[in-house]
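Residue numbers (the working numbering): 614 to 1319.
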């Protein structure tokens, strides 16, 4: 499940950013950041540390520090009454002073928290034990920001009632939904499975025809039981299948947390839009074929899971949103599927839900040879189907962001500041090349690049690029650049792809991968679905910019600031675009609302500030930053308008409804997203003048924007 409400006030002392207009524009003086508490522009969302990671993250991972939480602020309410079992009923009441779960806590005098396991879309997962029965359990704790939202809690309670009824040997058992009155947290308890994820052993499990048929029948039977109770999983993938004791015959489906009630009139946490991993979702989850989601959706995803087992590796059904849709219409390669189940798998993978096996009962019947004929093949294609409606047309300048052609007043978020200006840019290194290399099967360097590129679209809560690939006698070294919510998990997933490509000696360097809070995960995962894969327009000449003493006449005269340069290539005058800034906190700030706004800034620039026109559609955006740390720039190209609430949603408004809204607008406008990350550092003696990154530790770009 995913959340819609997760606002949190910024922590004291946290570096935050203000986007300001250039003092060189219209002859106006530079406007300093507003004092704390004063408003200088439109209301700005507060930052949050609440998790918005995909709901499927339930695999074990190393213990990490829990995100900070802010006490719920409504008037104190008495703790709800307890049942005879000591567990609070599900009418959750926020408790003032709620804090994060800690190891050693005993919830409702029953469930002792033993260790941290993972972060999921609802919050965090811990291993625990029932102190009365010694039963090991998994405890999923809802984030306080979500638990404070009555609508979210009501929907979660409704889905929990379904989940606790699921009883099947192939399904994880849900025990109870409860509130801990003293800590003020809402949680759900499931059985604890000691085992491994199917995703981790795809190349190791038995793949004989009989074993594959048995696995398919077992999982189909479990999903069928869930469907009878009105729950659709919608995120069937190898990492949501646990093998108890490592035994494929004991496979259990986990993470029904995004299950959807089949009553079309009722809302759920995830709504009717996309849920699940791009590699394994059905076409209708991507907006194709009328978005008709039902049991047949799990039928499709289950077939891909079995295909992954048969192939010994993850299926390749992701990429950009358009790529993912095209791959499903074409159909995956079924060469690895044995003859005994191939007709069933083919019938499960019909792109059009109306032509697909419609239920798990049909799947099992076809496996057993019952008289359930596969759906007829689809009629011959008469041409490429339209993915989206006709674009709504371009939009004009946003009055809220442009005043007389000048970027409007600061979107205040705190003490730090960006200025759309820049110092002397002499000595600037040209922008990185944007050519996509074609892998040579005999070249380990190109093979490594291809393997990494194949998995990047599906690595959750990340925006990663290949900074460089080096080959040597001791193997291949791949340097990554960007941001990740869980760098260790991302490194493992990419490492598995390299191992699967026969590059067991490959080494990954995540030294230039910055952390991003869970508040930014939903944004990254949504933007990544329409990530540009060619014809790049955005780049930075280096990953780091040194802070230097600023000369007189500049916004930060006499202070340290970095003079950051962002390169753009807008040779195609027919494309509109929007530019926004993003911080590791997850906060997104609109910078330039469209091409008209960009052109106005260019026309009003003085001495190349804030924008330098290098000719032939090439520009440099000069930004001064007065604080250290990572920052990002997002470029979305396509047909406008680019509604600010869609392209730069507040932290507390990035739930499923926003994701569906963004992807729908992206399909209509043929949007493509690019993102670059860079760091402002203060490591050298400051003597004035811009300093380029010549320090060690960051390999130069290999000329590929991957």
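Every residue gets a Cβ at the ideal spot worked out from N, C-alpha and C, and that includes glycine. No experiment lies behind these values; they were computed from the predicted model shown.
Is the beta carbon of residue 1289 less than 7 Å from the beta carbon of residue 1246?
-> yes
With DSSP collapsed to three states, give me the class of residue 1236.
-> strand
Given 8 Å, three or more beta-carbon pairs between the region 726–733 and the region 774–794 = no
Using three-state DSSP, classify residue 860 as helix, strand or coil.
-> coil
Using three-state DSSP, classify residue 1088 as helix, strand or coil.
-> strand
With 16 as the cutoff for other CB atoms within 10 Å, does residue 1128 come out buried or exposed?
-> exposed
Specify the secondary structure class of residue 869 as computed by DSSP and reduced to three states.
-> helix
Of the listed residues 1150, 907, 1109 and 782, nearest to residue 840 (C-alpha basis) = 907
In angstroms with no decimal places, state the Cα-to-Cα distance between residue 1107 and residue 1130.
-> 20 Å
Sort 1257, 1238 and 1182 by Cα distance to residue 1228 and report the nearest one.
-> 1182
The region 1233–1249 / the region 1282–1296 touching (three or more Cβ pairs under 8 Å) | yes
Assumed close pair residue 736, residue 754 - CB separation to whole angstroms, cut-off 8 Å = 5 Å
On the three-state DSSP scale, how would you describe residue 591?
-> Shown here, the chain extends from 614 to 1319; a query on residue 591 therefore has no answer.
Can you grab the Cα-Cα spacing for the pair residue 750 / residue 739, in whole Å?
-> 8 Å
With a floor of 4 residues, list each alpha helix (DSSP H) that falls wholly inside the region 924–988, ordered by position along the chain.
-> 934–943, 955–961 and 973–980
C-beta atoms of residue 865 and residue 978 nearer than 7 Å = no
When the distance is taken between beta carbons, is residue 743 closer than 7 Å to residue 723?
-> yes
For the candidate residues 1112, 1204, 1118 and 1074, whose alpha-carbon lies nearest to that of residue 1320?
-> What is shown of the chain runs 614 to 1319, which leaves residue 1320 out entirely.
From the DSSP output, read off the bridge partner residues of residue 1192.
-> 1205 and 1248
What number of angstroms, rounded off, separates the C-alpha of residue 1170 from the C-alpha of residue 1176?
-> 13 Å
Is the region 1141–1156 close to the region 1276–1287, with three or more CB pairs under 8 Å?
-> yes
Span of the beta strand (DSSP E) holding residue 1172?
-> Neither: residue 1172 is in no beta strand (DSSP E) and is coded neither H nor E.
Give the single residue among 1282, 914 and 923 whose Cα lies nearest to the Cα of residue 1187.
-> 1282
Count the other CB atoms, across all protein chains shown, that sit within 10 Å of the CB of residue 1098; report buried if there are 16 or more and exposed otherwise.
-> buried
Across which residues does DSSP place residue 1219 in a beta bridge pair?
-> 1222
Find the nearest neighbour of residue 814 within the set 900, 921, 799 and 1056, judged by alpha-carbon distance.
-> 921
Mind checking residue 1079: buried by the 16 CB within 10 Å criterion, or exposed?
-> buried
Report the residue from 1296, 1255 and 952 whose alpha carbon sits nearest the alpha carbon of residue 1277.
-> 1255
Cβ neighbours of residue 930 in the same chain (closer than 8 Å, five flanking residues each side left out) = 891, 892, 893, 917, 937, 940, 941 and 945
Taking the alpha carbon of residue 925 as the point to measure from, which residue in 959, 896, 818 and 969 has its own alpha carbon closest?
-> 818
What three-state label does DSSP hand residue 1151 in the structure shown?
-> strand
Contact check, residue 810 vs residue 852, beta carbons under 7 Å = yes
Neighbourhood of residue 1193 by C-beta distance below 7 Å, restricted to the same chain and skipping five residues each side = 1201, 1202, 1203, 1204, 1247, 1260 and 1261
Whose C-beta lies closer than 6 Å to the C-beta of residue 1308 among residues of the same chain, with five residues either side of it excluded?
-> Since pLDDT at residue 1308 reaches only 32, below the 50 mark, its modelled position is unreliable, and the value read off the structure follows with that caveat. Around residue 1308: no qualifying Cβ.
Could you round the C-beta distance between residue 1119 and residue 1111 to whole angstroms and report it? I think they count as a contact, below 8 Å.
-> 4 Å
With C-beta atoms as the reference, is residue 843 less than 7 Å away from residue 974?
-> no
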